[in-house]
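**Student:** Following this note's numbering, the numbering of the sequence shown begins with 2 at its first residue and continues without gaps. Positions of the beta carbon are idealized from the N, C-alpha and C atoms, including for glycine.
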Amino acid sequence: MNKPLKAIPPFADETAERTYWEAHDSTTHFDWSKAKKVMLPNLQPTTKTISLRLPQHLLDSIKVAANARDVPYQSLIKVWLQEKLHAH
2 MNKPLKAIPP
12 FADETAERTY
22 WEAHDSTTHF
32 DWSKAKKVML
42 PNLQPTTKTI
52 SLRLPQHLLD
62 SIKVAANARD
72 VPYQSLIKVW
82 LQEKLHAH
């Protein structure tokens, strides 16, 4: 037998909503068995341009490594940074 779903309370702002969902289980508010898959083809991750000064020999080494993997060197730098971040 299905339990009745709880009403979603009104939120003053996005921060209040985020705080609420961090502390509450969404399955008491939604019947996820009725969820439908949504495609968002134009969704782009938020990026910010930064300036990073590297020694020329380091940049050259990164470019060689990127070329060996057949990827742009900026993409390789992002992958390496992400891997290092998740390793700790």
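Would you tell me roughly how many angstroms separate the C-alpha atoms of residue 77 and residue 7, rounded to the nearest one?
**Tutor:** Taking the first residue of the sequence shown as 1, we reach residue 77 at position 76. Taking the first residue of the sequence shown as 1, we reach residue 7 at position 6. Residue 77 and residue 7: Cα-Cα distance of roughly 46 angstroms.
**Student:** Which of helix, strand or coil does DSSP assign to residue 25?
**Tutor:** Within the sequence shown, residue 25 is the residue found at index 24, counting from 1. Of the three classes helix, strand and coil, the one that applies to residue 25 here is coil, per DSSP.
**Student:** Would you kindly check if the distance between the Cβ of residue 73 and the Cβ of residue 66 is under 8 angstroms?
**Tutor:** For this step, residue 66 is matched to residue 65 along the sequence shown. For this step, residue 73 is matched to residue 72 along the sequence shown. Taking 8 angstroms as the Cβ cut-off, residue 66 and residue 73 do not qualify as a contacting pair.
**Student:** Inspect the beta-carbon positions of residue 11 and residue 21 and report whether they are closer than 8 angstroms.
**Tutor:** Within the sequence shown, numbered from 1, the residue matching residue 11 stands at position 10. Within the sequence shown, numbered from 1, the residue matching residue 21 stands at position 20. No. Outside cutoff.
**Student:** Within the continuous alpha helix (DSSP H) that includes residue 81, where are the two ends?
**Tutor:** For the purposes of this step, residue 81 is identified with residue 80 of the sequence shown, where counting begins at 1. Residues 74-88.
**Student:** To the nearest angstrom, how far is the alpha carbon of residue 5 from that of residue 75?
**Tutor:** Taking the first residue of the sequence shown as 1, we reach residue 5 at position 4. Taking the first residue of the sequence shown as 1, we reach residue 75 at position 74. Computed Cα separation, rounded: 51 angstroms.
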